[in-house]
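Enquirer: Got a structure here, written out as structure tokens. Questions coming.
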Amino acid sequence: MTTTDRDLEAPDLTTVNMGPSHPAMHGTIHIKVGLEGELIRKAEVNIGYLHRGFEKEAEAHSWQQIFPYTDRLNYVSPMLNNVGYALAVEKLLGITAPERAQYLRVIVGEIARICDHLTYMAAQTMEMGAFTPYFYVMKGRDWLWDLLEEISGARLTHSYVRIGGVAWDLPEGFKEKTLELLPRIDTVVVELDKLMTRNRIFLDRMQNIAVISAEEAVSYGWTGPCLRGSGVDYDVRKTHPYLVYDRMDFEIPIGTDGDNMDRYLVRMEEMRQSARIIRQALEQIPPGPVCTDDKLVVIPRKAATYNTIEEMINHFKLVIDGIRPPVGEVYSYTEAGNGELGFYLVSDGTGRPVKCRVRPPCFMGMAALERMITGHMVADVIPTFDTINMIGGECDR
Amino acid sequence: MGVEFATGKLADAVNWARKFSLFQYPFVTACCGMEYMALWGPRYDVARFGAEFPRFSPRQADMLMVVGTVTERQGPVLKRIYEQITEPKWVISFGVCASSGGFYQNYATMPGIDHIIPVDVYIPGCPPRPEAVLDALIMLQQKIQDGKGWSQRQYWVERERERLGLAPGQSAGG
Amino acid sequence: MSKQVLDRLCQRFPEAVLETHGFRGDETAVVRREEIGAIVRWLRDEPGLEMSMLTDMTAVDFLQQGHDPRFEVVYHLFSVPHKHRLRLKVQVPEQDIQVPSLAGLYKIADWLEREIWDMYGIRFKGHPNLKRILLYEEFVGHPLRKDYPKDRRQPLVRRPENEIAEVLARRGKARSLPTPGGAR
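Chains as they are written, first to last, in my numbering: chain W, 245 to 641; chain C, 859 to 1032; chain F, -17 to 166.
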């Protein structure tokens, strides 16, 4: 076993391995630090312990079959990955989902974003020794997962979105349940805020640690809450509005110092803004179809498939051959939980992609980790690693 | 007759104590980790089964819970951690990726952890519902009570080997 | 993606830009391999363009489509102040499989190029530390190439079935390690 057994090339420093199997709940990572006392003089970050071959699998499956793989990219907010991928394939095909489907995608996406940030809160606080917020968050997250389970059938890996829309409409009573749940989630967020944000110990461990300036963050390709924590006003939902985000009224929290505390505060505020978006979307959502009825993209209704020969052949061709987009390539980007989630798709006209690249936002965060922890203490590694919110499935794909 | 009865009852008592005080080593890698986190939460409280507190050191744990996909790169790490856990130890393979590789059948993933370590209970599901995990925990507890866990049986296998004068790992069939 | 950026690029580097297109609104320029460093530096520093972020970098293998050159390295650039985007592509032949590195221009290029080396085997001239990032050093080959079979595993932990497969391979009977459900 080579990498974990080898020392850093620095004979006067003590090498300590953190990972690949470690208590931090974020992802499986290997951080090798060269210590002088408690101070980190040199660091080496090795990712790839969860490399599961997403791109190779995608090249072997048809365009519609890739949805379950996208669920497992950023697995704390799977709906956002589904939406991102569906938008990319729709851009390639040149179609748009119906309006109701776009609102549904926004609603489930924002619920997923709240789940993402709540999980971040749980992991961040738990790993610094504060166990109580973890239980409050798990309580809140289970309520949200119940909601998502009602919509999609699964608590975690939904695969709810389809190319051309979403799989099916909202269940009955969904709007009332959500509007009743959002204040309860807000209570959880308020509890977290009261426990942590002005907590002396929390502030001591998070403020002025791992400061990244705006220019450096941009050079590292950072996006999302990490970039906004460093003071750069870039959110894909505002800069390049997609779906129906241009009809929503929400704000983007921007940090000032670029330290761990700012990245935490940005995510705290984003949860509140997501709740705002969900309320507006539920008010504005129009009735209508939830999926396009383009024959070349969407399989027909089951009743038609079993009763008419044309629909059966259509179904057969779509399942066996897959959707056939035109020859070309697109890069489509959305705001996922960690930042700009991009899908670069290359098509040669057949039912399987030539290339299905995921631009993972937390990969960029991890690239900066060596720079961020050098010069700080060993105890700062975990809070810093947490604020990047590396999700193994997305970073390593 | 009396001695076997007493030692049998003693073994039962010891297994009873073991099954209700499992210290897990959560080897969490991927998405199943989210359901694992939910398992600790207040709704699917795993503490009521005695298996609450994770010990992040293999020396202090007795149940290895492999949660999520194990890649080929992670293989030596997993094997080393398994070997470091002291006997008696049990392994739960949480999720289809750990059980059989799941739907990641490619160059990077190990098709199931049972290729490198022995597994006592497999939990299918992608990810499994927490109720399924609790069911698996109860199943494991039953196995422990019956003395049927892999490392519990291995103990008697080694004793029998010693009795027959064989080297460790050598089979009696020749 | 901005048409003006593409136009200015063509004006500034007329011989280096081989081809341009804009499919579904994504402005793309295929440029000469040797000029990529100078082009990207100009795009990053030129007032009015300021493509300050290298959003993504990846490679594509066109073996099945029969393209020559076989590989393409694709760069996605984004300007944070001006919000415009551009895609640059560089064609890389299999016989001379290298590209100048951008590690000096953007900090993220370091890891992105390591990933392309890991997955495709494309070397980056001038990269400070070109080693594998997602896979382990003992891995032989570059898995995202189209001629690498999807389920050829290279286990680090020796397993009994590996030895059987190796003996069979030596006798010419099997091409890759056995997998559940049969090898592809």
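Quick reminder that beta carbons are idealized off the backbone N, C-alpha and C, glycines included. In this text, all values refer to a predicted model and were calculated from it rather than measured experimentally.
Can the beta-carbon of V13 (chain F) be found closer than 8 Å to that of A(-2) (chain F)?
Expert: Result yes, Cβ atoms of V13 (chain F) and A(-2) (chain F) sit closer than 8 Å.
Enquirer: How long is the line joining the alpha carbons of F863 (chain C) and F881 (chain C), rounded to whole angstroms?
Expert: Roughly 29 Å separates the two Cα atoms.
Enquirer: What is the DSSP secondary structure of E(-3) (chain F), counted as helix, strand or coil?
Expert: Reduced to three states, the DSSP call for E(-3) (chain F) is coil.
Enquirer: In whole angstroms, what separates the C-alpha of M382 (chain W) from that of L362 (chain W)?
Expert: Those two C-alpha atoms are separated by around 8 Å.
Enquirer: Do we get a CB-CB distance below 8 Å when we pair S265 (chain W) with the residues of chain C?
Expert: With 8 Å as the cut-off, S265 (chain W) counts as an interface residue toward chain C.
Enquirer: Nearest CA to the CA of I407 (chain W): which residue from W:M634, W:G468, W:R568?
Expert: If we check each option's Cα against that of I407 (chain W), W:R568 comes out closest.
Enquirer: Going by C-alpha to C-alpha distance, which of F:L70, F:Q80, F:L84, F:P131 sits closest to D8 (chain F)?
Expert: Looking at the Cα atoms, F:L70 is the closest of the given residues.
Enquirer: Chain W partners of S34 (chain F), CB-CB under 9 Å?
Expert: In chain order: E459, V462, S463.
Enquirer: Do the CB positions of D640 (chain W) and Y313 (chain W) come within less than 8 Å of each other?
Expert: No, the pair does not count as a contact, with Cβ atoms beyond the cut-off.
Enquirer: Tell me the start and end of each unbroken beta strand (DSSP E) in the segment 44 to 97 of chain F that is at least 3 residues and wholly inside, in chain order.
Expert: Whole beta strand (DSSP E) segments, 3+ residues: 53 to 60, 67 to 74, 80 to 82.
Enquirer: Do you know whose CA, among C:A871, C:E945, C:Y894, lies nearest P916 (chain C)'s CA?
Expert: If we check each option's Cα against that of P916 (chain C), C:E945 comes out closest.
Enquirer: State the start and end residues of the unbroken alpha helix (DSSP H) segment that holds L331 (chain W).
Expert: From DSSP, the alpha helix (DSSP H) with L331 (chain W) extends over 322 to 337.
Enquirer: Are the segment 284 to 304 of chain W and the segment 575 to 583 of chain W touching, with three or more C-beta to C-beta distances below 8 Å?
Expert: Judged by Cβ distances under 8 Å, the segment 284 to 304 of chain W makes no contact with the segment 575 to 583 of chain W, as fewer than three pairs qualify.
Enquirer: Which of helix, strand or coil does DSSP assign to L348 (chain W)?
Expert: It is helical.
Enquirer: Check whether the Cβ atoms of K660 (chain W) and Y965 (chain C) lie closer than 8 Å to each other.
Expert: Chain W is shown from 245 up to 641; residue 660 (chain W) falls before or after that span and cannot be answered.
Enquirer: What runs of the beta strand (DSSP E), each 3 residues or longer, lie entirely inside the segment 545 to 605 of chain W?
Expert: If we require 3 residues or more, the beta strand (DSSP E) runs fully inside the segment 545 to 605 of chain W come out as 572 to 580, 583 to 591, 599 to 603.
Enquirer: Out of W:C359, W:I553, W:T618, W:L414, state which residue places its alpha-carbon closest to the alpha-carbon of G532 (chain W).
Expert: Considering only alpha carbons, the answer is W:L414.
Enquirer: Under the three-state reduction of DSSP, which class applies to L425 (chain W): helix, strand or coil?
Expert: If DSSP states are grouped into helix, strand and coil, L425 (chain W) belongs with the helices.
Enquirer: Only counting the same chain, and skipping five residues up and downstream in sequence, which positions put a Cβ closer than 8 Å to that of V74 (chain F)?
Expert: R15, A41, P51, R52, F53, E54, V55, Q80, V81, I104.
Enquirer: Using the C-alpha atoms, what's the distance from Y102 (chain F) back to M492 (chain W)?
Expert: Answer to the nearest angstrom: the Cα atoms are 42 Å apart.
Enquirer: Shorter than 8 Å from the beta carbon of T161 (chain F) to some beta carbon of chain C?
Expert: Unreliable positioning characterises T161 (chain F) in this predicted model, as indicated by a pLDDT of 42, which lies under 50. The coordinate reading is nonetheless provided below. It does: the Cβ of T161 (chain F) has a partner Cβ on chain C nearer than 8 Å.
Enquirer: With a CB to CB cut of under 8 Å and the five nearest residues on each side skipped, what residues in its chain are close to A618 (chain W)?
Expert: Looking at the sequence provided, one finds Thr at residue 618 (chain W) rather than Ala. Same-chain partners within the cutoff: I284, R285, K286, A287.
Enquirer: For P162 (chain F), count neighbouring C-beta atoms within 10 Å of its own C-beta (all shown protein chains included) and say buried if the count is 16 or more, exposed if not.
Expert: For P162 (chain F), the predicted structure reports a pLDDT of 42, less than 50, and the residue's modelled location is therefore unreliable. A value from the coordinates is still provided. P162 (chain F) is exposed by the Cβ-count criterion.
Enquirer: Please say whether I429 (chain W) and L388 (chain W) have beta carbons closer to each other than 8 Å?
Expert: The answer is yes: Cβ separation under 8 Å.
Enquirer: In angstroms, rounded to a whole number, what distance separates the CA positions of V476 (chain W) and L336 (chain W)?
Expert: Distance between the alpha carbons of V476 (chain W) and L336 (chain W) is about 30 Å.
Enquirer: Tell me the start and end of each unbroken alpha helix (DSSP H) in the segment 497 to 528 of chain W that is at least 4 residues and wholly inside, in chain order.
Expert: Within the segment 497 to 528 of chain W, the complete alpha helix (DSSP H) runs of at least 4 residues are 504 to 528.
Enquirer: In or out: I975 (chain C) buried (at least 16 other Cβ within 10 Å) or exposed?
Expert: By the neighbour-count rule (16 or more Cβ atoms within 10 Å), I975 (chain C) is buried.
Enquirer: Looking only at its own chain, which residues have a Cβ that is under 7 Å from the Cβ of P377 (chain W), when we skip the five neighbours before and after it?
Expert: Around P377 (chain W): M365, A366, T369, L436, L439, M440.
Enquirer: Is the distance from the Cβ of I943 (chain C) to the Cβ of Y883 (chain C) below 8 Å?
Expert: Contact: yes.
Enquirer: Tell me the DSSP secondary structure of C535 (chain W) in three-state form.
Expert: DSSP places C535 (chain W) in strand when its eight states are reduced to three.
Enquirer: With 8 Å as the threshold, decide whether the Cβ of L0 (chain F) is near any Cβ in chain C.
Expert: No, no contact with chain C.
Enquirer: With which residues is S951 (chain C) paired in a DSSP beta bridge?
Expert: DSSP output for S951 (chain C) lists C:V924, C:Y980 as bridge partner(s).
Enquirer: Between G689 (chain W) and chain C, is any beta-carbon pair separated by less than 8 Å?
Expert: In this structure chain W extends from 245 to 641, so residue 689 (chain W) is not present and cannot be described.
Enquirer: What residue does the alpha helix (DSSP H) around P934 (chain C) start on, and which one ends it?
Expert: That run of the alpha helix (DSSP H) goes 933 to 942.
Enquirer: Quick one: grab the DSSP three-state call for G475 (chain W).
Expert: Residue state, collapsed to three classes: coil.
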